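Trainee: Handing you this structure, nothing more for now.
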Amino acid sequence: MGCQALGFSLTSCLLLAFTCSLVLSRVPHGQPDPQEQEGTGEPPLDHTERIEENHEKYSPKQDEEPSATQCLRCCDPSTPMYQAIPVPQINITILKGEKGDRGDRGLQGKYGKTGSAGARGHMGPKGQKGSIGAPGDRCKNHYAAFSVGRKKPLHSNDYYQTVIFDTEFVNLYGHFNMFTGRFYCYVPGIYFFNLNVHTWNQKETYLHIMRNEEVAVILYAQVSDRSIMQSQSLLLELQEQDEVWVRLFRGERENAIFSDEFDTYITFSGYLVKHSTEP
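For the sequence shown, the positions run 1 to 279 when the UniProt record's numbering is used.
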């Protein structure tokens, strides 16, 4: 019996709570109670009148600007579609970092076109005099030269006759022997030689420039009523101990060269042009 009474009490409580909820749900949310409306004495407003009243309440007047804190609706004609948002300003100087390390050097680019030559610059100041250098090797300085003459005439008494010179103009290092009339080569290389003579009237002039015991060139002038100056030149490549000299060749006719004690008509000269070891 006790259990049945307890179950009946719970069932009654649930039914009472359900009935109260149904009664409360019939009253609209946000509307005043009918008893309150009766106390005011004003008829209730319909839906259209409530919208106009709210529009007049929240819309600003013509001579009045909306306050900054006033709420605006997007459907109002005076409300801008988008509000201007201030852009924040950033001080870039405070964001600048420290200077980085120097990077590696890049590859060299292609050479450009050659430009035109510029104008010549002004002459710079004269520099100071340099110090004296070390003395050079004397063995690298190769010289050889001679120039001799004859003041006496010469006739061909023998078949061959060596021309001896009696006047010395240049005889570097004594390479030309005045007693034998021969140039002795002590510096091998290429030499230049020249022979000048004066012919005799009505006599033939016939001489040889000799290299050792061989004829190198001939100086020849035919018989003439008038005497003339005759010359012969050549280059010879000599080895050490070679000899160069001049001889008078008799031939079939009388052979002679002219000179006198006052003037020199006969000369023989030679000098080194290039040493054999030079490139």
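Beta carbons: idealized from backbone N, C-alpha and C, even for Gly. Because the structure is a prediction, the values reported are computed rather than measured.
From F183, V197 and E243, pick the residue whose C-alpha is nearest to that of N255; which is it?
Mentor: V197
Trainee: Quick check: the segment 185-202 against the segment 223-237, are there 3 or more CB pairs under 8 Å?
Mentor: With contact defined as three or more Cβ pairs closer than 8 Å, the segment 185-202 and the segment 223-237 are in contact.
Trainee: Determine the contact status of Y191 and H175, defining contact as a CB-CB distance below 7 Å.
Mentor: In this structure, Y191 lies away from H175, with their beta-carbon atoms at least 7 Å apart.
Trainee: Just the Cα atoms here: how many angstroms apart are R250 and I257?
Mentor: Within the model, the alpha-carbon separation for R250 versus I257 is close to 11 Å.
Trainee: What does T267 pair with, by DSSP beta-bridge criteria?
Mentor: G149 and N196
Trainee: What whole-angstrom Cβ distance do L219 and L236 have, given they're in contact under 8 Å?
Mentor: Going by Cβ atoms, the distance from L219 to L236 rounds to 15 Å, so no, they are not a contact pair.
Trainee: Rounded to whole angstroms, what is the Cα-Cα separation between G181 and R253?
Mentor: 24 Å
Trainee: Could you check what DSSP says for Y159 in three-state terms: helix, strand or coil?
Mentor: coil
Trainee: For a test of the three-state rule: what should DSSP assign to L248, helix, strand or coil?
Mentor: Collapsing the DSSP output to three states places L248 in a strand.
Trainee: Spatial neighbours of S131 within its chain, please: C-beta separation below 8 Å, excluding the five flanking residues on both sides.
Mentor: none
Trainee: When you compare the CB positions of N171 and F146, do they come within less than 7 Å of one another, or not?
Mentor: yes
Trainee: Note down the Cα distance separating V215 from F262, rounded to an integer number of angstroms.
Mentor: 31 Å
Trainee: Using a Cβ-Cβ cutoff of less than 6 Å, which residues in the same chain neighbour G245 once the five nearest sequence positions on both sides are dropped?
Mentor: Before going on, a small fix: residue 245 reads as Trp here, not Gly. Excluding positions up to five away in sequence, the list reads G181, R182 and M210.
Trainee: Could you tell me which of G103, T264 and K129 sits nearest to E168, measuring between CA atoms?
Mentor: T264
Trainee: Tell whether a beta-carbon distance below 7 Å holds between R247 and Y160.
Mentor: yes
Trainee: What residue does the beta strand (DSSP E) around Q232 start on, and which one ends it?
Mentor: M229 to L238
Trainee: Using the Cα positions of G149 and P135, report the straight-line distance between them to the nearest angstrom.
Mentor: G149 and P135: Cα-Cα distance of roughly 36 Å.
Trainee: Count the other CB atoms within 10 Å of the CB of R120; is the residue buried (16 or more) or exposed (fewer)?
Mentor: With fewer than 16 Cβ atoms within 10 Å of its Cβ, R120 is classed as exposed.
Trainee: Going by the CB atoms, is the gap between H275 and G189 shorter than 7 Å?
Mentor: yes
Trainee: Ignoring anything shorter than 3 residues or poking outside the UniProt region "Disordered" (98-134), list the beta strand (DSSP E) runs there in chain order.
Mentor: none
Trainee: Buried or exposed: which applies to T277, given that a residue is buried once 16 or more other Cβ atoms fall within 10 Å of its Cβ?
Mentor: Flag for T277 reads exposed.
Trainee: Give me, in chain order, the residues of the same chain whose beta-carbon lies closer than 7 Å to that of D166; leave out the 5 immediate sequence neighbours on both sides.
Mentor: R150, K151 and K152
Trainee: On the premise that L238 lies in contact with V217, defined as a C-beta separation below 8 Å, what is that separation, rounded to the nearest angstrom?
Mentor: No, V217 and L238 are not in contact; Cβ-Cβ is about 15 Å, not under 8 Å.
Trainee: Kindly indicate which three-state DSSP category Y173 falls into: helix, strand or coil?
Mentor: helix
Trainee: Where does N212 sit, in a helix, a strand or coil, going by DSSP?
Mentor: coil
Trainee: By Cβ distance below 7 Å, which residues in the same chain neighbour N212 in space, the five residues on each side in sequence not counted?
Mentor: D242 and E243
Trainee: Return the CA-CA distance between D260 and H155, expressed in angstroms with no decimal places.
Mentor: 13 Å
Trainee: Checking 7 Å against the spacing of the C-beta atoms, do Q232 and L195 come in under that value?
Mentor: Against a cut-off of 7 Å, the Cβ pair of L195 and Q232 comes out as a contact.
Trainee: Where do the N-terminal and C-terminal ends of the beta strand (DSSP E) with Y184 fall, by residue?
Mentor: R182 to Y184
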